[in-house]
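Enquirer: For the sequence shown, the numbering used here begins at 7 and goes up steadily by one.
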Amino acid sequence: MVFARSITTLELCASIGIDSGTFRSKCKAPRHENEMLQHRFSRECFRSSRLWWRVARGNAFLHGDIHEEVYMSLPLGLHHEGESLLINIVCKLHKSLYGLKQASHQWFSKFSSVLINTCFKQSTFDNSLFVKINGNSFIALLVYVDDIVIASNDQENVDELKKFLNGCFKLKDLGNLKYFLGLEVGRFSKGISVSQRHYVLQLLSDTGYLSCKTRKTPMDLNVKLSQDEGDLIDDPSMYRRMIGKLLYFTITRPDLSFSVNRLSQFLIKPRIPHLQATYHVLQYVKATVGQGLFYSSSSAIELKAFADSDWAACLDTRRSISGFCVFIGDSLVPWKSKKQHIVSRSSTKAEYHSMENATYELMWMFSLFNICT
């Protein structure tokens, strides 16, 4: 049984029986890429007059419209006072409920249609981005399920937009953007800072490394990890949880991308050396808790990228590791460290593959520039 909070109306869905393939094409709702939010931060910080807000919608999925014929069985024990229990009775759904596979898709479809009808343009390069430009006035919305970030240079237009959306969906205004999806946002006259200090302190507390000795580097360069060396650890799930949390931490920590990428390749059968290398990363994190990203307001608006690669460094597959980073002015936006899909027969080919990945990212960033200017 799946419940959705409500006081006045029945909003619980019991034993919904839906074939797994029935609505498969309409189950997904787009979510923004991490690079998209970093791009918005870097673009907006160049104009110190740009303002940021965050709004949210509780019980968002209940606003979605259902286009299919869906029924639900009544929750056990449900009946009107003085009446006997209803037997062999089902309810036909007219609105989406939590527990439906297509609920997130229906909510986003409803929300995006409202924005498009008010002259917002939905980006084809990131469907969670909506932009409206009218003369010198600029408004951008970035949507993550029921969390919405608004960036604009026009306070009056934003107030009108929030009033309109509140009339449609009963939004909760959370004020100036300070916290979003675990990211802590600071606004200064010289730019915008983004970090995950609270998140990483919780991570260190959960792993017992809050008071550990620190390290100066994320990994020991002399340690070569492989799939078969060392004893298997007793609890692989513990290792997987740590790597999963570190992966999310790399949203604001490019210095950890290579290390976490390397350690994430041993999730199936993690061994003692892999666990020890993970502890090494945590000790480095402890020494750099407050670090994050800074998007300067004094940089020139220009795209530039750097790419590099090793050659056959993976001891198990002999595939190369690519890495690239893209800057808007002096502000780092997207970056990536990833094992290549093929075995390169020379260091030159490995370098070309790395340049190819960086070029794809540049093309995507350039397309976002066009829609936001």
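For every residue, glycine included, the Cβ atom is placed at its ideal position computed from N, Cα and C.
#1: Give me whichever residues DSSP pairs with S199 in a beta bridge.
#2: Could you tell me whether the segment 94-110 touches the segment 187-200, using the rule of 3 or more Cβ pairs below 8 Å?
#3: On the premise that A311 lies in contact with E357, defined as a C-beta separation below 8 Å, what is that separation, rounded to the nearest angstrom?
#4: Would you decide whether T284 is buried or exposed? Buried here means 16 or more other CB atoms lie within 10 Å of its CB.
#5: Going by C-alpha distance, which of Y290, S326, V339, R277 is nearest H347?
#6: Between which two residues does the beta strand (DSSP E) containing I388 stretch?
#7: Does the segment 314-326 come close enough to the segment 287-296 that 3 or more CB-CB pairs lie under 8 Å?
#8: Starting from V151, follow the beta strand (DSSP E) in both directions and report where the run begins and ends.
#9: My understanding is that S110 touches F67, with C-beta atoms under 8 Å, so please give their C-beta distance in whole angstroms.
#10: Pull up the distance between the alpha-carbon of A364 and that of D226, whole angstroms please.
#11: Nearest-angstrom Cα distance between V339 and P224?
#12: Starting from the Cα of E235, find the closest Cα among Q282, S143, I198 and give me that residue.
#13: Would a C-beta distance cut-off of 8 Å place A62 and L216 closer than the cut-off?
#14: Just grab the DSSP bridge partners of A311 for me.
#15: For I156 and I145, which I take to be in contact (beta-carbon distance under 8 Å), what is that distance rounded to the nearest angstrom?
#16: At which residues does the beta strand (DSSP E) containing P242 begin and terminate?
#17: Please state if the CB of L288 and the CB of L207 are separated by a distance shorter than 8 Å.
#18: Thinking Q112 and D71 are a contact (beta carbons under 8 Å), I'd like their distance in whole angstroms, please.
#19: Since S232 and W341 should fall inside the 8 Å C-beta cutoff, what is the C-beta to C-beta distance between them, to a whole number of angstroms?
#20: Run the CB neighbour count on G197, radius 10 Å, all protein chains shown included, and call it buried at 16 or more, exposed below.
#21: Assuming S373 and F131 form a contact by the criterion Cβ under 8 Å, report the distance between their Cβ atoms to the nearest whole angstrom.
#22: Measuring CA to CA, which of I334, A318, L321 is closest to L309?
#23: Can you tell me which residues form a DSSP beta bridge with F186?
#24: For P340, report the span of its beta strand (DSSP E) as first-last.
#25: Closer than 6 Å by C-beta to D153: which residues in its own chain qualify, once you throw out the five before and the five after it? Chain order, please.
#26: Does DSSP put G173 in a helix, in a strand, or in coil?
#27: Pull up the distance between the alpha-carbon of S265 and that of T256, whole angstroms please.
#28: Can you tell which of G141, F375, D322 has its C-alpha closest to the C-alpha of V349?
Expert: Let me lay it out:
#1: Answer by DSSP bridge pairing, in chain order: G192, F300.
#2: At 8 Å Cβ cutoff, the stretches do not touch.
#3: Their Cβ separation, rounded to whole angstroms, is 14 Å, which puts E357 and A311 out of contact at 8 Å.
#4: In summary, T284 is buried, with 16 or more beta-carbon neighbours lying within 10 Å of its beta-carbon over all protein chains present.
#5: Of Y290, S326, V339, R277, the residue nearest in Cα terms is S326.
#6: Any answer about residue 388 is impossible in this case: the structure gives the chain only from 7 up to 379.
#7: With a cut-off of 8 Å, the segment 314-326 and the segment 287-296 do not count as touching, because too few Cβ pairs lie within range.
#8: No beta strand (DSSP E) holds V151; DSSP gives it neither H nor E.
#9: Contact holds; Cβ gap of about 7 Å.
#10: Roughly 27 Å between the two C-alpha positions.
#11: If I take the Cα positions, the gap works out to 21 Å.
#12: Of the listed residues, the one whose Cα sits closest to E235 is Q282.
#13: No. Outside cutoff.
#14: Answer is V332.
#15: Between the beta-carbon of I156 and that of I145 there is about 7 Å, and that keeps the pair under the 8 Å contact cut.
#16: Looking at the DSSP string, P242 is not in any beta strand (DSSP E); the run it does join, the alpha helix (DSSP H), is 242-255.
#17: For L207 and L288, no; Cβs fall outside 8 Å.
#18: Taking 8 Å as the upper bound for CB-CB distance, Q112 and D71 are in contact here, some 6 Å apart.
#19: The Cβ separation is near 26 Å, so there is no contact.
#20: Looking at its Cβ environment, which holds 16 or more other Cβ atoms inside 10 Å, G197 is buried.
#21: About 5 Å separates the two Cβ atoms, so the contact holds.
#22: Considering only alpha carbons, the answer is I334.
#23: Beta-bridge pairing by DSSP links F186 to L189.
#24: P340 -> beta strand (DSSP E) spans 337-345.
#25: A62, listed in sequence order.
#26: Here G173 carries a helix assignment [DSSP, helix/strand/coil].
#27: Looking at the two C-alpha atoms, the distance is approximately 10 Å.
#28: Answer by Cα proximity: D322.
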